[in-house]
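Just below is one structure, and these are the notes that go with it.
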Amino acid sequence: MIEYSGPKKIKTAVFISGTGSNLKNLIKFSKQRNFPISIDLIISNNAKAKGLIYANNFKIKKKVFNFSNKIIAEKKILSLLFKNKIELICLAGFMKILSKSFIQRFNGKILNIHPSLLPKYKGLDTHARALKNNDKYSGCTVHLVNSKLDSGKIILQKKVKIYKNDNIKTLSKRVLKQEHKLYPVAIKRFLINL
Ligand code: GRF
Numbered sequence: 479m480i481e482y483s484g485p486k487k488i489k490t491a492v493f494i495s496g497t498g499s500n501l502k503n504l505i506k507f508s509k510q511r512n513f514p515i516s517i518d519l520i521i522s523n524n525a526k527a528k529g530l531i532y533a534n535n536f537k538i539k540k541k542v543f544n545f546s547n548k549i550i551a552e553k554k555i556l557s558l559l560f561k562n563k564i565e566l567i568c569l570a571g572f573m574k575i576l577s578k579s580f581i582q583r584f585n586g587k588i589l590n591i592h593p594s595l596l597p598k599y600k601g602l603d604t605h606a607r608a609l610k611n612n613d614k615y616s617g618c619t620v621h622l623v624n625s626k627l628d629s630g631k632i633i634l635q636k637k638v639k640i641y642k643n644d645n646i647k648t649l650s651k652r653v654l655k656q657e658h659k660l661y662p663v664a665i666k667r668f669l670i671n672l
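Per this note's numbering, the sequence shown runs over residues 479 to 672.
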């Protein structure tokens, strides 16, 4: 694979709502000299998101926004993104759906990781749905965000085998492990092919 050799890292904001294991993983990768992004901002809709701890641990700017009024929240977020010269957004377990106009303002520069083999199982409860349908495989997808939920261009996917005795917990754990491998590779691929 081509190693990133650009002059400077792409300033990135990661949006989270919960545990933040993908966030933590991306921070780890961003510290590598050859990895093309730096994580300069962490945004959450949830003040109790466990992942916010990584902002403190790694001394990254963080901000929580109240989405009870989405229009106002998004307006504030956009101005913070521009103020911090953010060029890329990585959604990582962010549970709010961004508006069309927000996505347009950042057009083509928002990535998401989704725990299914899209276009299968857009939205929530992906593992439960895969298990219920007796699928042989689940997996994860990194895709561009457009105005339709989980429907943007697919950058990379990874299949994960479903075993007979799997449950939501065991399957999501195995998929998450692959997410941590997939997201950094997909970011590299996306930025190199821009
Ligand atoms: C991941 O499974 C991700 O694909 C989904 O939400 C989960 C977030 O996990 N969108 P974490 O907060 O990164 O640990």
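Where a beta carbon is used, it is the ideal one built from N, C-alpha and C, also for glycine. Source: prediction; values computed, not measured.
Query, Result
"Nearest-angstrom Cα separation, counted from K574 out to I515", "24 Å"
"Proximity winner among S546, L519, N524, relative to S557 (alpha-carbon distances)", "L519"
"Helix, strand or coil at T648 [DSSP, three-state]", "helix"
"Sub-7 Å separation of K489 and I581 beta-carbons", "no"
"Rounded C-alpha distance that separates I555 from N643", "43 Å"
"Residue of K537, G601, K610, K636 minimising C-alpha distance to D628", "G601"
"At least 3 beta-carbon pairs within less than 8 Å: the segment 642-658 vs the segment 597-616", "yes"
"Distance, V620 Cα to K666 Cα", "12 Å"
"First through last residue of the alpha helix (DSSP H) which encompasses T604", "604-610"
"Any non-hydrogen atom of the ligand GRF within 6 Å of I505 CB", "no"
"Beta-bridge partners of S522, as assigned by DSSP", "I494, V542"
"DSSP three-state assignment for V623, whether helix, strand or coil", "coil"
"Proximal residues to R652 (C-beta, below 7 Å), its chain only, five neighbours per side dropped", "V638"
"For K528, the three-state DSSP class (helix, strand or coil)", "helix"
"Span of the alpha helix (DSSP H), counted from its first residue to its last, around K506", "499-508"
"Straight-line gap, P662 to F507 (C-alpha atoms, nearest Å)", "7 Å"
"DSSP state of N512 mapped onto helix, strand, coil", "coil"
"Contact under 7 Å by Cβ, G617 with L589", "no"
"Reduced DSSP secondary structure (H/G/I, E/B, other) of N534", "helix"
"Where S522 falls, given that 16 or more other Cβ within 10 Å makes a residue buried", "buried"
"Given I593 as reference, the closest of S499, H605, I633 once Cα atoms are compared", "With the sequence shown as reference, residue 593 is identified as Pro, and Ile is not the correct amino acid for it. The residue with the shortest Cα to Cα distance from P593 is H605."
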